[in-house]
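Each remark here refers to the structure printed beneath this line.
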Amino acid sequence: MDPSEALKILNNGVPISWYLTLSALLFAIGAAGFLFRRNIITVFMCIELMLNAVNLSFIAFAHQHKQASGQLFTFFVMVVAAAEAAVGLAIILTVFKNRSTLNIDEIDTLKN
Amino acid sequence: MDLFFFFLFAFIAVVCAVNVVLQKHPISSALSLVGVMGSLAVLYLLLGAEFIAMAQMIVYAGAIMVLFVFVIMLLNAGVEERRGRSWMAQILGVPAVIGLTGLLCYFSQRLFPNLGYAKFGDFKGGGAKEIGMALFTDYLLPFEVTSILILVAIVGAIVLARKELD
């Protein structure tokens, strides 16, 4: 990074692309957890993490375009996440009641 | 000052996110996720989205995470066992994560090279008034459809989680 660029950042604030990079990083971490974890509740939490990462880029773009529309999409994502959490946790409760396990490797009835 | 807060809370968010994935106990993961959501709320404030930042704290960090913690306690979820994972996940796991991160960053930088800068106070359209105006004029139909979605979710959750009555 050349000195003029650094001075610009100091004067004008954080580049929007840094927010996008942070969002990409959080999304990748969430995707990794989704794929590598075995506990069904933790897998579900990683989905929430990915939704949050996407929300951050929505807000960053809303700031770039100076419009509130992008923030409304975040609002709707939050509502969907809340509904998803309610239904998903109810499903987890039912699965645990029937199978007495939280390990996703053992819940493979649909596999064969 | 913007830069300082951005780096501080971005660092907290990333560390907590890694903690969510690495912790063995679901409760530790849930508390780390609350950390991610709190630091993201501060970043939303830096980007001028006051209403969304508050909604993030109340809805995500408050309601959804309490639901998670309730279910973890209800099911008495213990430490996750680590054995029996495939060799592919062990060998290719970390490189795949780094590759995905690099790919996402590369495309976001290539697709949007000059996005400008975000200075705190530049954009004041994120208050409750502006959000409410947009929500009840331009986005009225999605807003009403959302209420149907929530109704369906409530009924579905009750049906799924009830005790059999017969």
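From first to last, the protein sequence lines are chains A and B.
Read in order, the letters of the first sequence are residues 1 to 112 in the numbering used here.
Read in order, the letters of the second sequence are residues 113 to 278 in the numbering used here.
Here a beta-carbon is modelled for each residue, glycine too, at the ideal position from N, C-alpha and C.
Note down the Cα distance separating residue i from residue j, rounded to an integer number of angstroms.
i                : j                : result
SER140 (chain B) : VAL132 (chain B) : 7 Å
ALA82 (chain A)  : PHE75 (chain A)  : 11 Å
VAL209 (chain B) : ILE203 (chain B) : 12 Å
THR163 (chain A) : VAL178 (chain B) : What the structure shows of chain A is the stretch from 1 to 112, and residue 163 (chain A) is not part of that stretch, so it cannot be assessed.
PRO207 (chain B) : THR213 (chain B) : 10 Å
LEU89 (chain A)  : LEU72 (chain A)  : 26 Å
ALA62 (chain A)  : ARG99 (chain A)  : 45 Å
ALA153 (chain B) : LEU134 (chain B) : 23 Å
PHE58 (chain A)  : ILE170 (chain B) : 19 Å
LEU120 (chain B) : ALA129 (chain B) : 14 Å
LEU261 (chain B) : ILE9 (chain A)   : 43 Å
GLN64 (chain A)  : ALA122 (chain B) : 19 Å
ILE176 (chain B) : PRO225 (chain B) : 36 Å
LEU7 (chain A)   : ALA246 (chain B) : 36 Å
ALA269 (chain B) : PRO3 (chain A)   : 56 Å
ASN55 (chain A)  : PHE118 (chain B) : 16 Å
ALA215 (chain B) : PRO138 (chain B) : Note that residue 215 (chain B) is Leu in the sequence shown, not Ala. The straight-line gap from Cα to Cα measures roughly 29 Å.
GLU5 (chain A)   : GLY70 (chain A)  : 28 Å
TRP199 (chain B) : VAL127 (chain B) : 26 Å
ARG38 (chain A)  : LEU187 (chain B) : 16 Å
GLY110 (chain A) : GLU84 (chain A)  : Note that residue 110 (chain A) is Leu in the sequence shown, not Gly. Approximately 22 Å between the Cα atoms of the pair.
THR249 (chain B) : CYS217 (chain B) : 35 Å
GLU193 (chain B) : PHE255 (chain B) : 43 Å
LEU86 (chain A)  : LEU272 (chain B) : The sequence given here has Ala at residue 86 (chain A), not Leu. For ALA86 (chain A) and LEU272 (chain B), the distance between alpha carbons rounds to 10 Å.
LEU253 (chain B) : GLN67 (chain A)  : 19 Å
PHE36 (chain A)  : ILE266 (chain B) : 30 Å
GLY205 (chain B) : ARG222 (chain B) : 26 Å
ALA201 (chain B) : LYS97 (chain A)  : 29 Å
LEU49 (chain A)  : VAL79 (chain A)  : 15 Å
TYR19 (chain A)  : LEU263 (chain B) : 34 Å
Closer than 7 Å by C-beta to residue i: which residues in its own chain qualify, once you throw out the five before and the five after it? Chain order, please.
i                : result
PHE163 (chain B) : GLY238, GLY239, ALA240 and ILE243
ALA53 (chain A)  : SER23, LEU26, PHE27 and GLY30
ALA125 (chain B) : VAL148, SER151 and LEU152
LEU51 (chain A)  : VAL77 and ALA81
TYR156 (chain B) : ILE164, ALA165 and GLN168
ALA142 (chain B) : MET177, PHE180, VAL181 and ILE184
VAL257 (chain B) : none
To which residues of the same chain is residue i closer than 8 Å at the C-beta, ignoring the five residues directly before and after it?
i                : result
ILE40 (chain A)  : ILE92, VAL95, LEU102, ASN103, ILE104 and ILE107
ASP234 (chain B) : GLY160
ASP114 (chain B) : LEU158, ALA230, LYS231 and PHE232
Run the proximity test for residue i: is its beta-carbon closer than 8 Å to any non-hydrogen atom belonging to the ligand GDP?
i                : result
MET185 (chain B) : With respect to the ligand GDP, the structure offers nothing, as it holds no ligand at all.
For residue i, which residues from the same chain have a beta carbon less than 6 Å from its beta carbon, with the 5 sequence-adjacent residues on both sides left out?
i                : result
GLY33 (chain A)  : CYS46
LEU145 (chain B) : VAL132
VAL191 (chain B) : LYS136 and HIS137
ALA189 (chain B) : PRO138
LYS236 (chain B) : none
TYR172 (chain B) : MET149
SER220 (chain B) : none
Along the chain, which unbroken stretches of the beta strand (DSSP E) at least 3 residues long are found entirely within the region 135 to 207 of chain B? none
Along the chain, which unbroken stretches of the alpha helix (DSSP H) at least 4 residues long are found entirely within the region 29 to 112 of chain A? Counting only runs of 4 or more, we get 40 to 65 and 69 to 99.
Residues from the region 155 to 176 of chain B in contact with chain A, defined by Cβ distance under 8 Å: LEU155, TYR156, LEU158, LEU159, GLY160, ALA161, PHE163, ILE164, ALA167, GLN168, VAL171, TYR172, ALA175 and ILE176
Decide yes or no for the touch test of the region 1 to 17 of chain A against the region 43 to 56 of chain A: beta carbon pairs closer than 8 Å, at least 3 of them. no
Contact set between the region 139 to 154 of chain B and chain A, restricted to residues whose Cβ is under 8 Å from the partner: Listed in chain order, the positions of the region 139 to 154 of chain B with a beta carbon within less than 8 Å of a beta carbon of chain A are SER141, ALA142, LEU145, VAL148, MET149 and LEU152.
Closer than 7 Å, Cβ to any Cβ of chain A: which residues of the region 236 to 255 of chain B, in chain order? GLY237, GLY238, GLU242, ILE243, ALA246, LEU247, TYR251 and PRO254
Name, going along the chain, the residues of the region 7 to 18 of chain A whose beta-carbon falls closer than 8 Å to a beta-carbon of chain B. LYS8, ILE9, LEU10, ASN12, GLY13, VAL14, PRO15, ILE16, SER17 and TRP18
Within 8 Å of chain B by C-beta, residues of the region 69 to 82 of chain A in sequence order: SER69, GLN71, LEU72, THR74, PHE75, PHE76, MET78, VAL79, VAL80, ALA81 and ALA82
Check distances from the C-beta atoms of the region 113 to 126 of chain B to those of chain A and list, in chain order, the residues that come in under 8 Å. Residues are counted here when their Cβ sits less than 8 Å from a Cβ of chain A; for the region 113 to 126 of chain B these are ASP114, LEU115, PHE118, ALA122, ALA125 and VAL126, given in chain order.
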